[in-house]
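Notes for the one structure printed next.
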Amino acid sequence: MPNLLCLDQYIITDEERVDNLGDGKSERFTAMNQFMLVQTPDFIGNMTAEKHIDTLETKLYQLRRRFENNSPIIRIQSAFRAYRVRKKYKEQVRKIRWSIQKIQKVWRGFRLRYKMKKELAEIMNLNKTPYLMMTNEEMKEYYA
2 MPNLLCLDQY
12 IITDEERVDN
22 LGDGKSERFT
32 AMNQFMLVQT
42 PDFIGNMTAE
52 KHIDTLETKL
62 YQLRRRFENN
72 SPIIRIQSAF
82 RAYRVRKKYK
92 EQVRKIRWSI
102 QKIQKVWRGF
112 RLRYKMKKEL
122 AEIMNLNKTP
132 YLMMTNEEMK
142 EYYA
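Under the working numbering, the first residue of the sequence shown is numbered 2, with each subsequent residue one higher.
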């Protein structure tokens with residue numbers, strides 16, 4: 002896949018892009034689209050030729066970047082890489098979610114049992130039968 006970018010100019014040319022658009026279905030790749038318009042500065046008398054060439058090179062670089070962002074090959078690569086990453090981490094995310102749910106389930110069960118045990122102990126104290134909730138060690142101390 003990394004070498005696919007270098008094949009871009011051979012797979013789809015600008016003429017093929019325009020031909021495949023049909024009857025103006027998408028203005029994105031047309032030559033006169035405002036998105037593709039590059040503002041080149043006029044040659045000003047006080048600007049040196051080197052500075053003007055640097056400015057033009059910068060504008061050409063920006064134009065190339067725009068074409069790269071619109072390239073079908075780049076879009077396919079981006080979609081495939083995103084799919085591959087989602088597939089790679091899907092199993093990890095599933096395990097993490099399962100672990101989170103397990104921890105929540107254990108904690109909620111513990112908290113509910115603790116609350117119910119506390120309420121039951123209060124009821125036993127009201128009925129004057131607290132010994133029913135005691136462990137063997139507590140029973141020995143209670144009857145001692």
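Yeah, the Cβ is synthetic: ideal placement off N, Cα and C, and Gly gets one too.
{"Query": "To the nearest angstrom, how far is the alpha carbon of residue 112 from that of residue 128?", "Result": "24 Å"}
{"Query": "Tell me which residues share the same chain as residue 133 and place their Cβ nearer than 7 Å to its Cβ, disregarding the 5 neighbours each side in the sequence.", "Result": "125"}
{"Query": "Can you name the start and end residues of the alpha helix (DSSP H) that residue 73 belongs to?", "Result": "73-127"}
{"Query": "Can you tell me whether residue 5 is buried or exposed, with buried defined as 16 or more other CB within 10 angstroms of its CB?", "Result": "Any reading at residue 5 is ruled out, since the residue's pLDDT is 45, under 50, leaving its predicted position unreliable."}
{"Query": "Anyone know if the C-beta pair for residue 69 and residue 77 falls short of 8 Å?", "Result": "no"}
{"Query": "Should residue 79 go down as buried or exposed, given a rule of 16 or more other Cβ atoms within 10 Å for buried?", "Result": "exposed"}
{"Query": "With a 10 Å radius around its C-beta and 16 neighbouring C-beta atoms as the bar for buried, classify residue 72 as buried or exposed.", "Result": "buried"}
{"Query": "Quick check on the DSSP output: the alpha helix (DSSP H) that includes residue 48 runs from which residue to which?", "Result": "Residue 48 -> no alpha helix (DSSP H), and no H or E assigned at all."}
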